[in-house]
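Participant: Please find one structure pasted underneath; my questions will follow.
Here you go:
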């Protein structure tokens, strides 16, 4: 055999051996915030789809079943893991974009920002990104045609989904806004009121919109009949969308943040325009400089609050990377984070006012998250949103598409403060075509022996929730505990520790108060985290859904 042929055969053999050595899960796993979406993901896997096809099916099903949390009129972030001996990671940014006619004074009237304009109606809506993401994932990463992956959602929209207590609660919060829009009221209310429990939500117009997307891909939403109806509805009601806004929308593939941890693990998480991934990375890197695992419960909570205080302070420096220079090298520099950690007093809270100031933000907290792993080792963690419950409470007639109010995530008034007492950020000012800052933080932590996936809705609380779940993972706690762990949160300003009713005992609260922490009990438990763990050495897979929600985690062979 000629030398070159022999060498080629040896190289091919080595390559095949290396590929065969890549570990594979024994089972696939799906964890979503709604049982119907979990079923859609499992159905797609059973029909030969991979994790990316399942992600399309799940995201579309959530758009139908959870109109208060996500939808075709919104957007989100998809963190992808492509299987292999050396896995590849992708971050699909499907965040909404400001219309080209938008600017810093979009909501200013007579010199004063009118926040109501950024909350309700089409003027509050940025250009949706989720439909583009579904087409992108199917075309670039999936095994199935887009039509196949969207079939469960189309069926769900046409045949109906049951009204549950979560739907009723969210609709009650936004009842007045929904009542003001005839198209939304006709779909999401029952004779102008919150629908009864176990009623049926049917969305035939949304089914037709999904069918056009399934048939024509990207153009099935951003051009043609759907685009015509969207533009007609938005413009008639006072919005500023244009045909070019829709025509030009594209998802952006970005490099995820990849941070080496001392434990031999790697954090893979969301980059800007998510500020959540940066806050999570900073918090974990600061905690590495502190003996958090050896500390008692109160001391550990003190450490967590103090690193969150410092990480959230830096958020106001971030913005859309396509329009703003983000100082990530400085914010993630080891010496910078070591110095921040050294500034944490062991027994005393650091008043936020004593730290150099940084701008704040506002953000709706009613979002959704899911995670999926297939038997090849491909994985997706995705967080999707339309911002406040039922978004802008405006549905473009004839489309069934409930629009987002993500424009409220911009800093409409950088010189003033928002409803939460948070000052605005120059880096997050409204600008044409700009993506607003977000806390959404789909996250993997991976090592040679394990892959863990995390994510949750919750607005500004997302990074702290993911951090607490990640710490449970790093502490070796059972998977079921990660999303169930009692939560507490600090975000620099306001200078207060919010906590769930079961987060601290009475003695722990007294100890934290003695250290100078201001504490505020949150009566309603928050978040809806979905997680999974793949133990590569055994192939075993585990998944869990947050007990606070109605979600469902399932394994599939």
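Residue numbers (mature numbering (1 follows the signal peptide of the UniProt record, and there is no 0)): -20 to -1, 1 to 537.
Every residue gets a Cβ at the ideal spot worked out from N, C-alpha and C, and that includes glycine.
As the structure is a computational prediction, the values presented were derived from the model and not from experiment.
1. Roughly how many angstroms lie between the CA atoms of residue 429 and residue 507, to the nearest whole one?
2. Please work out which residues of its chain come closer than 7 angstroms, Cβ to Cβ, to residue 524, disregarding the five sequence neighbours upstream and downstream, and give them in chain order.
3. By a C-beta neighbour count over all protein chains shown, 10 Å radius and 16 as the cutoff for buried, is residue 145 buried or exposed?
4. By a C-beta neighbour count over all protein chains shown, 10 Å radius and 16 as the cutoff for buried, is residue 435 buried or exposed?
5. Residues in its own chain within less than 7 angstroms of residue 327 by CB, not counting five upstream and five downstream?
6. Write down every uninterrupted run of the alpha helix (DSSP H) in the segment 203 to 286 whose length is 4 residues or greater and which is fully enclosed by it, in chain order.
7. Kindly indicate which three-state DSSP category residue 509 falls into: helix, strand or coil?
8. Here's the rule I'm using: 16 or more other beta-carbon atoms within 10 Å means buried, otherwise exposed. How should residue 504 be labelled?
9. Any idea what DSSP makes of residue 19, helix, strand or coil?
10. Nearest by alpha-carbon distance to residue 379: which of 201, 466, 283 is it?
11. How would you write the range of the beta strand (DSSP E) that residue 499 sits in, first residue to last?
12. Thinking C-beta only, is residue 213 closer than 8 angstroms to residue 252?
13. Using a 10 Å radius around the Cβ and a threshold of 16 neighbouring Cβ atoms, would you call residue 198 buried or exposed?
14. Taking the straight line between their C-alpha atoms, what separation do you get for residue 192 and residue 227?
15. In whole angstroms, what is the alpha-carbon distance linking residue 518 and residue 476?
16. Assuming residue 39 and residue 114 form a contact by the criterion Cβ under 8 angstroms, report the distance between their Cβ atoms to the nearest whole angstrom.
17. Identify which residue in 36, 86, 521 has its Cα closest to the Cα of residue 409.
18. Return the chain-ordered list of same chain residues with a C-beta closer than 6 angstroms to the C-beta of residue 540, the five sequence neighbours on each side being excluded.
19. Quick one: give me the first and last residue of the beta strand (DSSP E) that residue 353 is part of.
20. Alpha carbon to alpha carbon, how far is residue 203 from residue 132?
21. Skipping 5 residues on each side, what residues in its chain have a beta carbon closer than 7 angstroms to that of residue 206?
22. I need the straight-line Cα distance from residue 473 to residue 482, nearest angstrom please.
23. Kindly indicate which three-state DSSP category residue 2 falls into: helix, strand or coil?
24. With 16 other CB atoms within 10 Å as the buried threshold, where does residue 180 fall?
25. Using 8 angstroms as the Cβ pair cut-off and three pairs as the minimum, do the segment 37 to 57 and the segment 103 to 110 touch?
26. Using a Cβ-Cβ cut-off of 7 angstroms (strictly less than) and excluding sequence neighbours within five positions of residue 25, which residues of its own chain qualify?
27. On the three-state DSSP scale, how would you describe residue 433?
28. Count the other C-beta atoms from every protein chain shown that fall within 10 angstroms of the C-beta of residue 195, then say buried if there are 16 or more, exposed otherwise.
29. Quick check on DSSP: helix, strand or coil for residue 455?
30. In whole angstroms, give me the CA-to-CA distance for residue 128 and residue 237.
31. When the Cα of residue 515 is compared with those of 531, 371, 433, 530, which residue comes out closest?
32. What first and last residue would you give for the alpha helix (DSSP H) that runs through residue 549?
33. If we ignore side chains and look at the alpha-carbon of each, how far apart do residue 184 and residue 348 end up?
34. Look at the Cβ atom of residue 264, then the Cβ atom of residue 247, and state whether they are nearer than 8 angstroms.
35. For residue 270, which residues in the same chain have their Cβ closer than 8 angstroms to its Cβ, ignoring the five residues on either side in sequence?
36. Per DSSP, which residues does residue 302 bridge with? Please list them.
Facilitator: Once the coordinates are examined:
1. 29 angstroms
2. 11, 459, 460, 462, 463, 511, 533
3. exposed
4. buried
5. 495
6. 204 to 216, 223 to 228, 256 to 268
7. In the three-state reduction of the DSSP assignment, residue 509 falls in the coil class.
8. exposed
9. The answer is helix: DSSP assigns residue 19 an H, G or I state.
10. Taking only the C-alpha atoms, the option nearest residue 379 is 201.
11. 499 to 501
12. no
13. buried
14. About 16 angstroms.
15. 44 angstroms
16. 6 angstroms
17. Ranking 36, 86, 521 by Cα distance to residue 409 puts 86 first.
18. In the structure displayed, the chain extends from -20 to 537; residue 540 sits before or after that span and is not available.
19. 347 to 353
20. Straight-line measurement puts the Cα of residue 132 at about 23 angstroms from the Cα of residue 203.
21. 189, 192, 200, 379
22. 23 angstroms
23. Residue 2 falls in the coil class under three-state DSSP.
24. So residue 180 counts as exposed.
25. yes
26. 8, 34, 354, 536
27. The answer is strand: DSSP assigns residue 433 an E or B state.
28. Residue 195 counts as exposed, since fewer than 16 other C-beta atoms from the protein chains shown sit within 10 angstroms of its C-beta.
29. coil
30. 32 angstroms
31. 433
32. With the chain running from -20 to 537 in the structure shown, residue 549 is simply not present.
33. 23 angstroms
34. yes
35. The answer, listed in chain order, is 283, 287, 321, 324.
36. Beta-bridge pairing links residue 302 to no other residue.
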